[in-house]
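Novice: One structure, pasted below without further comment.
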Amino acid sequence: MSFQKKSIKDLSKSQLSDQKVLVRVDFNVPLSEGQISDDTRIKAALPTINYLLENNASVILCSHMGRPKGERVEKLSLKPVAERLTEKLKMNVSLLDDCVGESVFSKVSQMKRGEVVLLENLRFHKEETANHPYFSKQLANLADIFVQDAFGVVHRAHASTSGVCEFLPSYAGFLIQKELEFLGGAIAEPKRPLIAIIGGSKISSKIGVLRHLLGLVDTLIIGGAMTYTLLKAQGSETGSSMVEDEFKDEAMAFLKEAETSTTTVLLPLDHVCATEFSVDSQIDVFDTEAFPNDRMGLDVGPKTIDAINEALEGAGTVIWNGPLGVFELAPFSKGTFAVAETLSKSSAITIIGGGDSAAAISKVGLSDTMSHISTGGGASLEFLEGKVLPGIDVLEDNKVPVND
Ligand code: AMP
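If you count by my numbering, then the sequence shown holds residues 633 to 1036, one letter each, in order.
In C-alpha cells:
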C-alpha cells in the first residue's frame, strides 16, 4: 500500500522524458582524509537516479555535506562524491562549481537526456538553511520537476527541502517512499500487536514521542538513561544515574496518562549498575526496588531482558528507537544487543528508527535481518511524535490511497 504522497512512480515516461529533474539526495557521507569512508548513502540514492535516467530525464543532484555554515569550505566539497558516483553509475558525473548562479544555470540549460550533474554543497550558502525564497527559486529555475529523496533532512524546513517545492511539482523518490510506507504504515495501519521500544539518553528529546505513542501502540517498552527520570518521578531511588530533574513533572504527567491508556507501559525491572561510568568499575545488577543510592544504572538487567522478550513474542510490528543502555561499552551492551538478537529472529515487521539503534544493530551484524532501518534518526523520531515533516508535507498529495 502506498499512500499520502506521490512518488516518481506516479509519473509516466512521457512526463519524465527530456525533463530536468532536481533531486535532493543525502550525500552527507563520512570522509576520512578527503576519502569517502562509507558510501552507503551514495548507493542508496542509485535506484532513484537510475529510474530517472531510464525514463530519459536529465538528473541534477543536490545535497549538503557537513556544516560549512554558509561559507565555502573546500574540505566539504562534494568532489569525492562526484568521483564515486562516476564509478557507480559508469558514466561521467560532473560536479558544478556551485549550486546556484549564472554559470550553473548555463551548464544545466545545456544538459541532454540521460546526463547527470552534481551541484556543489548547498550549505555553502546560508540561504539554504535559512530557507530563503530567492535561493529556493534559483534552485527551482534549474529544473522542471523536483524529487525529494533525503529523509535525513525532511524534518527541517530548508530551501532544498521545503522552499523549492513552492516553485516546482514535487515528488518522493524511492528512499522517501520506503520510509513513508514503513513508518507511515506502522502508525496508520499496523499489523498488531504493535510494540514500540524507546530508549536513549535524554527524556527531554523523547517525551513527545512517548506521549504520542500512548493509545497508538499496544505495548511501550522504555529503556536507556531516560528511564531514570521516570523512575525518580515515581519516587524510586536512582542513585547517580542520569536524570533530567527539570523534566520530572513532564515524566510524571506521562506516567499518569499511561495509567488510563490502552497501552501497556513496560519500565525496567532491574538494572546493570556501576559505581562510575567506566568498564573498570564495580558492576552489579539490582532490582528497581533495591537500587542503591551510590550506583548508576547503565543497562537493563536480565529480568528486564526476559520481560522484553516475552512482550515481543507474537508481535506484529516493532518500532525501535534508542539503545537500552550504554551499548558502546561491552559490560553495558547486553540489553541493547539482546533486543537486536530477538528482533532478528522475529517474524514481526521490524522498523529501526536510525541513529544509535541502527548503529547498535550494525555493530552485531544484524542490519540485514530488519525489515526497515530508517535513514533519518531525527526525522523518524519527529514522525513518531506525530509532527508534520516540512519536507514531506510539501510533496504532491495522493488524493486516494492506491493499492500497489
Ligand atoms: P540518544 O541520543 O538520546 O538516542 O541516546 C543514545 C545514547 O544513550 C547512547 O550513546 C547510549 O550510550 C546512551 N545511554 C543509554 N542508556 C544509558 C544509561 N543508562 N546511562 C547513560 N547513557 C545511556
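Beta carbons: idealized from backbone N, C-alpha and C, even for Gly. Just so we're clear, the structure is a prediction, and the values are computed from it rather than from any experiment.
Tell me where the beta strand (DSSP E) around GLN780 begins and ends.
Specialist: To locate residue 780, count along the sequence shown from 1; it is residue 148. Segment 777 to 780, the beta strand (DSSP E) holding GLN780.
Novice: Would you decide whether PRO662 is buried or exposed? Buried here means 16 or more other CB atoms lie within 10 Å of its CB.
Specialist: Locating residue 662 in the sequence shown gives position 30, counting from the first residue. Under a 10 Å Cβ-count criterion, PRO662 is classified as exposed, with fewer than 16 other Cβ atoms of the shown protein chains found around its own Cβ.
Novice: Span of the alpha helix (DSSP H) holding ALA772?
Specialist: The count along the sequence shown starts at 1 and reaches residue 772 at position 140. Bounds of the alpha helix (DSSP H) holding ALA772 are 765 to 772.
Novice: Taking ILE981 as part of the alpha helix (DSSP H), name the residues at either end of that continuous run.
Specialist: Here residue 981 is taken as the residue at index 349 of the sequence shown, counted from 1. No alpha helix (DSSP H) holds ILE981; the beta strand (DSSP E) holding it covers 981 to 984.
Novice: Sorry if obvious, but does the Cβ on ALA784 come closer than 6 Å to a heavy atom of the ligand AMP?
Specialist: Numbered from its first residue, the sequence shown carries residue 784 at position 152. The question names Ala, but residue 784 in the sequence shown is Gly. Judged by the Cβ position, GLY784 fails to qualify as a neighbour of the ligand AMP at the 6 Å threshold, every heavy atom of the ligand being at least this far.
Novice: Using the Cα positions of ALA865 and GLU891, report the straight-line distance between them to the nearest angstrom.
Specialist: Taking the sequence shown and counting its residues from 1, the one referred to as residue 865 is at position 233. Taking the sequence shown and counting its residues from 1, the one referred to as residue 891 is at position 259. Roughly 14 Å between the two C-alpha positions.
Novice: Taking its Cβ as the centre, do 16 or more other Cβ atoms sit within 10 Å of PHE909, making it buried, or is it exposed?
Specialist: Here residue 909 refers to the residue found at position 277 of the sequence shown. The residue is exposed, with fewer than 16 neighbouring Cβ atoms inside 10 Å.
Novice: Report the rounded CA-to-CA distance for ARG755 versus ILE835, giving the unit in angstroms.
Specialist: What you label residue 755 is simply residue 123 of the sequence shown in a count that begins at 1. What you label residue 835 is simply residue 203 of the sequence shown in a count that begins at 1. One C-alpha to the other measures close to 31 Å.
Novice: CA-CA distance, MET884 and ILE983?
Specialist: Here residue 884 corresponds to residue number 252 of the sequence shown, with the count starting at 1. Here residue 983 corresponds to residue number 351 of the sequence shown, with the count starting at 1. Cα atoms of MET884 and ILE983: separation of roughly 28 Å, rounded to the nearest angstrom.
Novice: Quick one: is the Cβ of SER833 within less than 6 Å of any heavy atom of the ligand FAD?
Specialist: Of the ligands one can find in the structure shown, namely the ligand AMP, none is the ligand FAD.
Novice: Please report the Cβ distance between ALA828 and LEU852, rounded to the nearest whole angstrom; I am assuming they are in contact, meaning their Cβ atoms lie under 8 Å.
Specialist: Working through the sequence shown from its first residue, we reach residue 828 at position 196. Working through the sequence shown from its first residue, we reach residue 852 at position 220. In this structure ALA828 is in contact with LEU852, their Cβ atoms being roughly 5 Å apart against a cut-off of 8 Å.
Novice: Going by alpha carbons, who is nearest to SER1012 out of ARG824, PHE879, ASP938, GLU811?
Specialist: Residue mapping note: residue 1012 aligns to position 380 of the sequence shown, counting from 1. Nearest of ARG824, PHE879, ASP938, GLU811 to SER1012, Cα basis: GLU811.
Novice: Let's see if you can read the secondary structure: which residues bound the alpha helix (DSSP H) around ASP919?
Specialist: Taking the sequence shown and counting its residues from 1, the one referred to as residue 919 is at position 287. Here ASP919 belongs to no alpha helix (DSSP H); instead the beta strand (DSSP E) covers 915 to 919.
Novice: When DSSP builds the beta bridges, which residues end up paired with LYS637?
Specialist: Sequence index remark: in the sequence shown, residue 637 carries index 5 (1-based). Paired residues: ASP1029.
Novice: Quick one: what's got a C-beta closer than 7 Å to LYS935's C-beta in the same chain, skipping five residues either side?
Specialist: By one-based count along the sequence shown, residue 935 stands at place 303. So the qualifying residues of the chain are LEU901, ASP902.
Novice: Going straight from the alpha carbon of GLU715 to that of LEU975, what length do you get?
Specialist: Reading the sequence shown from its first residue, position 83 is the one you call residue 715. Reading the sequence shown from its first residue, position 343 is the one you call residue 975. If you draw a straight line from the Cα of GLU715 to the Cα of LEU975, it comes to about 37 Å.
Novice: What is the residue span of the alpha helix (DSSP H) that LYS711 lies within?
Specialist: The count along the sequence shown starts at 1 and reaches residue 711 at position 79. 711 to 721 is the span of the alpha helix (DSSP H), which, as asked, contains LYS711.
Novice: Are the beta-carbon atoms of GLU747 and SER690 separated by less than 7 Å?
Specialist: If you number the sequence shown from 1, residue 747 lands on position 115. If you number the sequence shown from 1, residue 690 lands on position 58. Cβ distance < 7 Å, so GLU747 and SER690 count as in contact.
Novice: DSSP three-state label for GLY1010, please.
Specialist: Reading the sequence shown from its first residue, position 378 is the one you call residue 1010. Three-state result, GLY1010: helix.
Novice: Could I get the ranges of all uninterrupted beta strand (DSSP E) runs contained in the region 768 to 849, with 3 residues as the minimum, in chain order?
Specialist: The qualifying runs are 777 to 780, 802 to 804, 826 to 830.
Novice: Put LYS864 into one of helix, strand or coil per three-state DSSP.
Specialist: Here residue 864 corresponds to residue number 232 of the sequence shown, with the count starting at 1. Of the three classes helix, strand and coil, the one that applies to LYS864 here is helix, per DSSP.
Novice: If I follow the unbroken beta strand (DSSP E) through ASP931, where does it start and stop?
Specialist: Here residue 931 is taken as the residue at index 299 of the sequence shown, counted from 1. Counting along the chain, the beta strand (DSSP E) containing ASP931 begins and ends at 928 to 932.
Novice: Is PRO955 near the ligand AMP - that is, is its Cβ less than 6 Å away from at least one heavy atom of it?
Specialist: As a position in the sequence shown, residue 955 is number 323, starting the count at 1. Yes, the Cβ of PRO955 comes within 6 Å of a heavy atom of the ligand AMP.
Novice: Which of the three DSSP states, helix, strand or coil, is assigned to SER669?
Specialist: Taking the first residue of the sequence shown as position 1, residue 669 is located at position 37. In the three-state scheme derived from DSSP, where H, G and I count as helix and E and B as strand, SER669 is classed as coil.
Novice: Compute every distance between the C-beta of GLY856 and the non-hydrogen atoms of the ligand AMP, then say whether any falls below 6 Å.
Specialist: Residue numbering aside, residue 856 sits at position 224 when the sequence shown is read from its first letter. Yes, the Cβ of GLY856 comes within 6 Å of a heavy atom of the ligand AMP.
Novice: Using a Cβ-Cβ cut-off of 6 Å (strictly less than) and excluding sequence neighbours within five positions of TRP952, which residues of its own chain qualify?
Specialist: Looking up residue 952 in the sequence shown gives position 320. So the list reads ILE829, ILE984, SER989, once near-sequence residues are dropped.
Novice: Does the beta-carbon distance from ALA956 to SER893 come in below 7 Å?
Specialist: Locating residue 956 in the sequence shown gives position 324, where the first residue counts as 1. Locating residue 893 in the sequence shown gives position 261, where the first residue counts as 1. The sequence shown places Leu at residue 956, rather than the Ala named in the question. No; because the gap between Cβ atoms is not below 7 Å, this pair is not in contact.
Novice: In the DSSP assignment, the beta strand (DSSP E) including SER978 goes from what residue to what residue?
Specialist: The residue you call residue 978 lines up with position 346 of the sequence shown. Where SER978 is concerned, there is no enclosing beta strand (DSSP E), given that its DSSP letter is neither H nor E.
Novice: My guess is that ILE692 and VAL657 are in contact by the Cβ rule of under 8 Å, so how many angstroms apart are they, rounded?
Specialist: Taking the first residue of the sequence shown as 1, we reach residue 692 at position 60. Taking the first residue of the sequence shown as 1, we reach residue 657 at position 25. Incorrect: roughly 11 Å between the Cβ atoms, too far for contact.
Novice: For ILE951, list the residues DSSP reports as bridge partners.
Specialist: In the sequence shown, residue 951 corresponds to position 319, counting from 1. Answer is ALA828, ILE983, bridged to ILE951.
Novice: Per the contact definition of three or more C-beta pairs closer than 8 Å, is the region 796 to 814 in contact with the region 912 to 922?
Specialist: Because the criterion of three Cβ pairs below 8 Å is not met, the region 912 to 922 and the region 796 to 814 do not touch.
Novice: In whole angstroms, what is the alpha-carbon distance linking THR761 and VAL1026?
Specialist: For the purposes of this step, residue 761 is taken as the residue at position 129 of the sequence shown. For the purposes of this step, residue 1026 is taken as the residue at position 394 of the sequence shown. Taking the straight line joining both Cα atoms gives about 16 Å.
Novice: Could you tell me which of LYS641, ALA980, SER994, GLY986 sits nearest to ALA818, measuring between CA atoms?
Specialist: Taking the sequence shown and counting its residues from 1, the one referred to as residue 818 is at position 186. Closest option to ALA818, Cα to Cα, is ALA980.
Novice: Under 8 Å by Cβ, that's how I've got ASP850 and LEU826 pegged, so tell me the actual separation to the nearest angstrom.
Specialist: Mapped onto the sequence shown, residue 850 falls at position 218. Mapped onto the sequence shown, residue 826 falls at position 194. Indeed they touch by this definition, with Cβ atoms about 5 Å apart.
Novice: Where does LYS637 land, buried or exposed, given buried means 16+ other C-beta within 10 angstroms?
Specialist: Walking along the sequence shown from the start, residue 637 turns up at place 5. Answer is buried; the Cβ neighbour count reaches 16.
Novice: What are the residues that DSSP puts in a beta bridge with THR896?
Specialist: Residue mapping note: residue 896 aligns to position 264 of the sequence shown, counting from 1. DSSP lists THR851 as partners of THR896.
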